[in-house]
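Protein chains in written order, with this note's numbering: chain A, 1 to 112; chain B, 1001 to 1108.
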Amino acid sequence: NAGVTQTPKFQVLKTGQSMTLQCAQDMNHNSMYWYRQDPGMGLRLIYYSASEGTTDKGEVPNGYNVSRLNKREFSLRLESAAPSQTSVYFCASGDRGQFGYTFGSGTRLTVV
Amino acid sequence: RKEVEQDPGPFNVPEGATVAFNCTYSNSASQSFFWYRQDCRKEPKLLMSVYSSGNEDGRFTAQLNRASQYISLLIRDSKLSDSATYLCVVEYGNKLVFGAGTILRVKS
């Protein structure tokens, strides 16, 4: 059972380049999320999708776009990468309630 | 004010000690509550959900006080393997909001 799969695991970009982070879950969850984690700041929500066909901004959406391709897949796109976007990005999926959410193993992105 | 606040620590404790972490949240409409554990450079993993009646899972006990908007985690008989960052997490609407985490270091 794969759970939540993120690709790539590592990426180095030059300022101004674009890229898409991929996320897929096989748990039939309705909701999917993208977080970034910076040292000393905890996880901050970038965008989320409560169900297939819907997306909403989180706490730090500027510089990012998302696509909920289908129930399984939720991608995060950086159109013009900036050094401030250097971070670890986590995708998660889950449904409301007491069962919590499952995270992918993360993408470590460096923008130089 | 942060939506979810935790003491960042670190808490340095010897093996076998009992340690308690506290967390407060600001949104009274919060619906579900969790403790997650995160090891260095790894993804957060669900440790336990937190219920108003309190709940226990082995050496771990979680408590929720909705009136005070306060959540706690108690770890008894600490093991070296308990060393990690413990994240307090609150759900409202369709979002999970994370505290910045409390670092625990258990030493032999």
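For glycine and all other residues, C-beta sits at the position ideal for the given N, C-alpha and C.
| Item | Value |
| --- | --- |
| Cα separation between A/R72 and B/S1108? | 44 angstroms |
| Hey, B/P1010 and B/I1103: beta-carbon distance below 8 angstroms or not? | yes |
| Consult DSSP for A/Q85 and reduce its assignment to one of helix, strand or coil. | helix |
| Between A/L43 and chain B, is there a C-beta pair that is closer than 8 angstroms? | yes |
| Taking only three categories from DSSP, how would you classify B/L1096? | strand |
| For A/A24, report the span of its beta strand (DSSP E) as first-last. | 19-25 |
| Given a cut-off of 8 angstroms, decide if A/F103 and A/Q37 are closer than it, judged by their beta-carbon atoms. | no |
| Can you confirm whether the region 1085-1101 of chain B touches the region 1037-1045 of chain B when touching is taken to mean that 3 or more C-beta pairs between the two stretches lie within less than 8 angstroms? | yes |
| List the endpoints of the continuous beta strand (DSSP E) containing A/T102. | 101-103 |
| Should A/F90 be flagged as near chain B, meaning a C-beta pair shorter than 8 angstroms? | yes |
| Would you grab the beta carbon distance between A/T20 and A/S75 for me? Rounded to a whole angstrom, and I think it's under 8 angstroms. | 5 angstroms |
| Is it buried or exposed, A/T15, if we count other Cβ atoms within 10 angstroms and call 16 or more buried? | exposed |
| Based on the DSSP secondary-structure assignment, which residues constitute the bridge partners of B/R1041? | Its beta-bridge partners do not exist; DSSP assigns none. |
| Should A/S18 and A/L69 be called a contact, given that it needs their Cβ atoms to be closer than 8 angstroms? | no |
| Bridge partners for A/R44 per DSSP, in chain order? | A/R36 |
| Taking 8 angstroms as the CB-CB cut-off, is B/K1095 touching chain A? | yes |
| Alpha carbon to alpha carbon, how far is A/F99 from A/V60? | 25 angstroms |
| Can you tell me whether DSSP reads A/D95 as helix, strand or coil? | coil |
| Please work out which residues of its chain come closer than 7 angstroms, Cβ to Cβ, to A/V4, disregarding the five sequence neighbours upstream and downstream, and give them in chain order. | C23, Q25, C91, A92, S93, T102, F103, G104 |
| Taking the continuous beta strand (DSSP E) assigned at B/L1064, which residues delimit it? | 1060-1065 |
| Just checking: is the beta-carbon of B/F1060 within a distance shorter than 8 angstroms of some beta-carbon in chain A? | no |
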